[in-house]
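Participant:
See the structure below:
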């Protein structure tokens, strides 16, 4: 269960970041991609 919760939390953080900081988000997306 903990792993799933972690992923959900990361998704929420990333979604928030995509809205508030698109530039930083695209950097992270590129590193993760």
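Numbering (the working numbering), first residue to last: 2 to 34. Positions of the beta carbon are idealized from the N, C-alpha and C atoms, including for glycine. Since the model is a prediction, treat every value here as computed from it, not as a measurement.
1. Run through DSSP, which three-state label would residue 22 get?
2. Taking 8 Å as the limit between beta carbons, can you name the residues of its chain near residue 18, skipping five residues before and five after?
3. Using only the alpha-carbon positions, how far apart do residue 5 and residue 33 sit?
Facilitator: Judging by the given coordinates:
1. Here residue 22 refers to the residue found at position 21 of the chain shown. Reduced to three states, the DSSP call for residue 22 is coil.
2. Here residue 18 corresponds to residue number 17 of the chain shown, with the count starting at 1. Residues of the same chain with a CB within less than 8 Å of the CB of residue 18, apart from the 5 flanking positions on each side, are 25, 26 and 29 in chain order.
3. To locate residue 5, count along the chain shown from 1; it is residue 4. To locate residue 33, count along the chain shown from 1; it is residue 32. Straight-line Cα distance between these residues: approximately 18 Å.
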